[in-house]
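Report on the structure given below.
In my numbering, the protein residues as written are 4 to 413.
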């Protein structure tokens, strides 16, 4: 058995009152509020990246920058809301939250739901209209799934056996498939590497991890060549990136248009950028699609140059390093895996977005965390940051044992 939190059997019943919030606030260790706490570094990186995103969005259209600032304020409020109550209370509600997120994912796929309620965009059904804003269930599903997997791996060690290991993928297949059907291939693909990282940290056997990686590498080409597995536009995007690597520009006005425009905008930035007005003119002249969303990194480099792009990368590294420091110092299995899952999800999303922008990966329609325009995306990412801060601020409970210690003979 794994040496998990020693108090998991003696948790107090949830009373749901103001007294619970006060008790949760008192569980914040005074020593953990020091500015040396890695949780504050996560917060600093999150704030700086969000401000950088607003400034970059302002390059394209100032009105959207104002809206994004409102989204940021809402995100900060939600982050504070999830940072105050003890995160260990969340462990009891991971399954209900996950079920609600699945219901929302199914809801957007129901054909007879009117379009005023579920708004299709570019052929994808991903958004629920709440009048004042649109909500994207897949963003909320990422948080729910991370919390569920953290609870799953922290409370049992069946994943040390191959059948239990594969069972985590079966559970993950539910949100993965629903998001893939929307279709949203980019977001769906984030679940697999994030799960692998969480399994490794939890102590899964590396031979099982390598076997899954080998299967994934083998199934990739099979999915491409098997009719009906990938949609035509997904195959076209893969063809475009292959043509680019070959030096073939014949697809730059068709399937590879977005990637080609992004490369031109990125190349225009040079080392130090061209400034706001010139960058806006370049983006408009090249008719860069999704310049506020998926292609925001291209606009950022155009305005601030290569140095600006590197600065953004360093902020994400700070976010990841500080988050991993929080996970490493946590003695609670659920808290450790919750943080690891969040950091992995955000970092992989950043990697894929920047990779597709500079032409190293196919276009997948994925936003850049904290930076891209979008209410649900920004608020969801700030909720993740709030959860990391929550774990960082909690004091370890008495008699708590080190997490994830195993008898290697089992």
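Every residue, glycine too, gets a C-beta built ideally from N, C-alpha and C.
Remember, predicted model here, so these are calculated numbers, not experimental data.
- Apart from the 5 residues on each side of it in sequence, residue 191 sits with its Cβ closer than 6 Å to the Cβ of 179, 182, 183 in its chain, given in chain order.
- Taking C-beta separations shorter than 6 Å and ignoring five residues to either side along the sequence, the partners of residue 142 in its chain run 379, 380, 383, following chain order.
- The distance from the Cβ of residue 175 to that of residue 167 is about 13 Å, inconsistent with a contact at the 8 Å cut-off.
- Taking all protein chains in view, the Cβ of residue 335 is crowded by 16 or more other Cβ atoms within 10 Å, so the residue is classified as buried.
- Taking all protein chains shown into account, residue 376 has 16 or more neighbouring C-beta atoms within 10 Å of its C-beta and is therefore buried.
- Under DSSP, residue 138 takes part in a beta bridge, and its partners are 131.
- For the options 129, 331, 152, 46, the alpha carbon positioned closest to that of residue 93 is the one of 152.
- In the DSSP annotation of this structure, residue 374 is not part of any alpha helix (DSSP H), being labelled neither H nor E.
- The continuous beta strand (DSSP E) containing residue 124 extends over residues 121-124.
- Residue 364 has its alpha-carbon roughly 10 Å from the corresponding atom of residue 354.
- For residue 237, the closest C-alpha among the options 314, 187, 270 is that of 187.
- Contact between the segment 272-281 and the segment 230-249 is absent: fewer than 3 CB-CB pairs across the two stretches fall below 8 Å.
- Closest option to residue 323, judged by alpha-carbon separation, among 372, 295, 301, 305: 372.
- Under the criterion of beta carbons closer than 8 Å, residue 387 and residue 146 qualify as touching, at roughly 6 Å.
- Residue 325 counts as buried, since at least 16 other C-beta atoms from the protein chains shown sit within 10 angstroms of its C-beta.
- Scanning its chain for C-beta atoms nearer than 7 Å, with the 5 sequence neighbours on each side dropped, one finds around residue 42 the residues 329, 391, 392, 395, 396, in chain order.
- Rounded to the nearest angstrom, the Cβ distance from residue 239 to residue 268 is 21 Å, too far for a contact under 8 Å.
- Taking all protein chains shown into account, residue 278 has fewer than 16 neighbouring C-beta atoms within 10 Å of its C-beta and is therefore exposed.
- Under the Cβ criterion (8 Å, minimum of three pairs), the segment 62-75 does not count as touching the segment 332-349.
- Taken atom to atom, the span from the alpha-carbon of residue 195 to that of residue 348 is near 10 Å.
- DSSP places residue 69 in the uninterrupted alpha helix (DSSP H) bounded by 65-86.
- Its Cα nearest to that of residue 97, the residue 337 stands out among 337, 389, 360, 357.
- Taking residue 367 as reference, the option from 229, 84, 252, 293 with the minimal CA-CA separation is 293.
- Residue 136 and residue 120 have their C-alpha atoms spaced approximately 11 Å apart.
- Here the C-alpha atom of residue 159 lies approximately 21 Å from the C-alpha atom of residue 332.
- Residue 59 is not a Cβ neighbour of residue 304, given a cutoff of 7 Å.
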